[in-house]
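Residue numbers (this note's numbering), protein chains in the order written: chain A, 1 to 267; chain B, 268 to 534; chain C, 535 to 801. We put the beta carbon where it would ideally sit given N, CA and C, even for glycine. Because the structure is a prediction, the values reported are computed rather than measured. Everything below concerns the one structure shown next.
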Amino acid sequence: MKLTASGIWSSVVEIRRKSPVVHNITNYVAMNNSANALLALGASPVMAHAEEEVEDMVNISGALVINIGTLSPHWIRAMFRAAYQARDRNIPIILDPVGAGATAYRTSTARELLQKIPPSIIRGNASEIMAILEDTAKTKGVDSTAASHTAVDIARQLNRTYGSVVCVSGETDYIIYGDDVTKIMNGHPMMTRVTGMGCIATALCGAFAAINHAFAEATAQAMAVMGIAGEIAAEDVPGPGSLQLRFLDALYRLSEEDIKRSLKTEG
Amino acid sequence: MKLTASGIWSSVVEIRRKSPVVHNITNYVAMNNSANALLALGASPVMAHAEEEVEDMVNISGALVINIGTLSPHWIRAMFRAAYQARDRNIPIILDPVGAGATAYRTSTARELLQKIPPSIIRGNASEIMAILEDTAKTKGVDSTAASHTAVDIARQLNRTYGSVVCVSGETDYIIYGDDVTKIMNGHPMMTRVTGMGCIATALCGAFAAINHAFAEATAQAMAVMGIAGEIAAEDVPGPGSLQLRFLDALYRLSEEDIKRSLKTEG
Amino acid sequence: MKLTASGIWSSVVEIRRKSPVVHNITNYVAMNNSANALLALGASPVMAHAEEEVEDMVNISGALVINIGTLSPHWIRAMFRAAYQARDRNIPIILDPVGAGATAYRTSTARELLQKIPPSIIRGNASEIMAILEDTAKTKGVDSTAASHTAVDIARQLNRTYGSVVCVSGETDYIIYGDDVTKIMNGHPMMTRVTGMGCIATALCGAFAAINHAFAEATAQAMAVMGIAGEIAAEDVPGPGSLQLRFLDALYRLSEEDIKRSLKTEG
């Protein structure tokens, strides 16, 4: 897959023009940030988690983002109902296995979602991606204990088994689909000091997937935009509080020039 | 109703002096923003949603804000218990029918709340207000697909049927009560790119209603303060991340001069 | 207990080096802020509230923070399970009785937690601390109606009965343990206009307790860091929106010089 600045820009323009509805069933910590990032990019976020309404909400959405960051039984039931509905309607599903490996509950929920309704895209850090396949994978709460490249082989296996595009995010992001591996080297270390940045990345994948059903490309475009906006936000920034809001400003103002100047990728 | 800068200012001063407790049963996305906006204005927010305690919390509050933005069955039960208690105690209820029209669950919950315990004030965007009365109303997730003026006739019907003040917010805000229609033309388009600004407006209505039981006036005052603070926040702002925090700063620093200089209203 | 700038700094350095996992079962309003404050300080926050996973999460954590700010029955069950597990594993527990005194549900939950699994540290405002022991204590929602010094005697009783370090926060913070009372006079009044600052203080106590099992000292260090970062954030700040983000920047950049220059304490 060839990731280009002009391709990314076309997708950003289309998101801003169409303002796709992105339905998020996501954790309490990252809900507000995810909604704000989607709005800043130009998409139209909705949050709904009740079994009574998730199918209706999926029906009016361009993508469904499922994030297991703060689980409970009735949320899991809603995730499954929403996912089945999205599959039946051919609406892309993006799965974020937050904290897989940290508890058996998260690991088994991520695995069951993956097995029963393989998503279009899975995005996680190295620890999370490894934990989905390997019981021996280690994690530190919701933070990765491994560099992203160490999870590439597992990501390939996940892709072969389930057909999902797999994104292992980290200092370098890896987007794996078939024999294709796309690397993105954008971003800034201070982004790891802001909560929910991984969750935001997954939400942005939802916005790009809603308007681009070439999911590997959509994922790579989302991760590039994430990293570039993060770099812009980090310029001379005094700390992670300021970074968080400047990131939203950068998403909102993102220009073709920003992307051309900053994109660092290997195909 | 005559909306004046000096009347708005008197109410702001009284909120800052009395710091009324505003009880919010609101959605996960906007909780933090609503609490911060109420604190910045000078009110004292509480959030509580358990059936076990909502009546106790209503008893110490000056207003009850009910927002259906992220529903589930036990939250709905708590909303009803809190609303009945508020009605019995003569405590104003402010209803925000977030996403009415987007799912049957939200539409029916909003209607049932309205029919069983008519609130003092209803605030929503045009799509939401129309969806309460018309099954054919269209909405796009939680964002309006209609300009606010198109919902004025429906708002009149709602007011006649339930007695509630109805506020249709948008580029122009309409406050409808009896034959009276007050228009407010404050605000800034970038406010739609920050999540929860509508929810914040509803929360501010709660603060004004707590100290001013002339509810049409209280609503208009709240919407004017919302719009004026938004305009101040939007001056030379780089994007919606910065807008969000400057909005809180503007609420906190709001002066009589700000209101006199900026208020745009038609009676 | 002798609270020194160099001791505080040593603990900050150790938190940054070890990045202890702090497990939070906290309210919806303050989750995002608590996570961001812990990340800015250098700790590794996790949020998990399902009965199915709290014990697993406790097992990988250096401290457990329990905050009753938005209760419901299944969250309370999870709080007890997590607390029993933490006790059995000798992992420090920090309890924040948000709104104790405002509703019977909160008061009884706080008391039951305290009686069944006495925490290492309790942190609350004066109203909350008094409400734990006295049925006649008054509170105003979640804000205190009493100056912090008025709760010192109650705090002593709590400490004698349960063995917990008790922190009464306010304009002056009091840390009570045995015959020892440490006062901290750092902080800024505008911090009360940002939601969740008390919850953040409790979360920071978790980070310090994770690396320093002298819990009275850990609590005093956390409260000093809280107040000093708040003072730095408040310099020339236009309002509480800006204060909130600058506080995170200040935590992230906190230096030994900042602490030496600003610490105001009496032993």
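- Under a 10 Å Cβ-count criterion, methionine 47(A) is classified as buried, with 16 or more other Cβ atoms of the shown protein chains found around its own Cβ.
- Taking 8 Å as the CB threshold, lysine 407(B) lines the interface with chain A.
- Note on geometry: alpha-carbon atoms of methionine 79(A) and isoleucine 25(A) lie some 7 Å from one another.
- Leucine 3(A) carries a coil assignment under DSSP once its states are collapsed to helix, strand and coil.
- Serine 127(A) is outside the set of residues whose beta carbon lies under 8 Å from a beta carbon in chain C.
- Inclusion of isoleucine 688(C) and valine 699(C) in the CB contact set at 8 Å is not warranted, their separation being larger than that value.
- The Cβ neighbour count for proline 359(B), taken over all protein chains shown within 10 Å, is at least 16; the residue is labelled buried.
- Note: lysine 794(C) is not bridge-paired with any residue in the DSSP secondary-structure output.
- The DSSP assignment places 419–429 as complete runs of the alpha helix (DSSP H) inside the region 419–450 of chain B, in order along the chain (cut-off: 4 residues).
- Rounded to the nearest whole angstrom, the C-alpha separation of valine 546(C) and leucine 243(A) is 22 Å.
- In chain order, Ala37, Ala40, Leu41 and Ala229 place their CB closer than 7 Å to the CB of leucine 251(A), counting only its own chain and leaving out the 5 sequence neighbours on each side.
- Taking one beta carbon from each stretch, the region 757–772 of chain C and the region 621–640 of chain C have fewer than 3 pairs nearer than 8 Å; the two do not touch.
- Only those residues of the region 627–651 of chain C whose C-beta falls short of 8 Å from the nearest C-beta of chain B are listed: Gly633, Ala636, Thr637, Ala638, Tyr639 and Arg640.
- Boundaries of the alpha helix (DSSP H) around isoleucine 467(B): 464–478.
- In this structure the region 464–475 of chain B does not lie against the region 211–230 of chain A, because fewer than three pairs of beta carbons, one per stretch, are closer than 8 Å.
- Identification of chain C residues near tyrosine 28(A) by a Cβ-Cβ cut-off of 9 Å yields Tyr562, Met565, Asn566, Met581 and His583, ordered along the chain.
- In the same chain as serine 44(A), and ignoring 5 residues on each side of it, the C-beta atoms closer than 6 Å to its own belong to Ser19 and Val21, in chain order.
- At a cut-off of 8 Å, the C-beta of serine 148(A) has no neighbouring C-beta in chain C.
- Alanine 30(A) and glutamate 668(C) have their C-alpha atoms some 38 Å from each other.
- Just measuring C-alpha positions, the residue of Arg246(A), Ala224(A) and Pro238(A) sitting nearest proline 507(B) is Arg246(A).
- Separation of the CB atoms of threonine 449(B) and alanine 487(B) is rounded to 5 Å, and the pair is thereby assigned contact status at 8 Å.
- In the assembly as shown, methionine 719(C) is an exposed residue. Its beta-carbon has fewer than 16 other beta-carbons within 10 Å.
- In this structure serine 34(A) is buried. Its beta-carbon is surrounded by 16 or more other beta-carbon atoms within 10 angstroms.
- Beta bridge pairing from DSSP links glycine 658(C) with Val702(C).
- With a contact defined as Cβ atoms closer than 8 Å, alanine 393(B) and serine 415(B) qualify at about 5 Å.
- Interface annotation, aspartate 402(B): not in contact with chain A, CB-CB separation never under 8 Å.
- The shortest CA-to-CA distance from glutamate 320(B) to any of Gly675(C), Arg657(C) and Thr538(C) is the one to Gly675(C).
- Taking CB atoms only, aspartate 677(C) has a neighbour in chain B less than 8 Å away.
- Among the residues facing chain A, asparagine 601(C) is not included, as its CB has no counterpart in that chain under 8 Å away.
- Nothing from the region 464–482 of chain B brings a Cβ to less than 8 Å from some Cβ of chain A.
- Checking the DSSP bridge columns, you'll see isoleucine 93(A) partnered with Leu64(A).
- When DSSP reads this structure, methionine 581(C) sits in a beta bridge with Asn558(C).
- The C-beta separation of tyrosine 105(A) from leucine 71(A) comes to about 6 Å, placing the pair in contact by the 8 Å criterion.
- With a threshold of 16 other beta carbon atoms within 10 Å, glycine 463(B) meets it and is buried.
- Taking a Cβ-Cβ threshold of 9 Å, none of the residues of chain A is close to valine 547(C); the smallest such distance is about 16 Å.
- Spatial neighbours of glutamate 256(A) in its own chain (CB-CB distance under 6 Å, excluding positions within 5 residues in sequence) are listed in chain order as Trp9.
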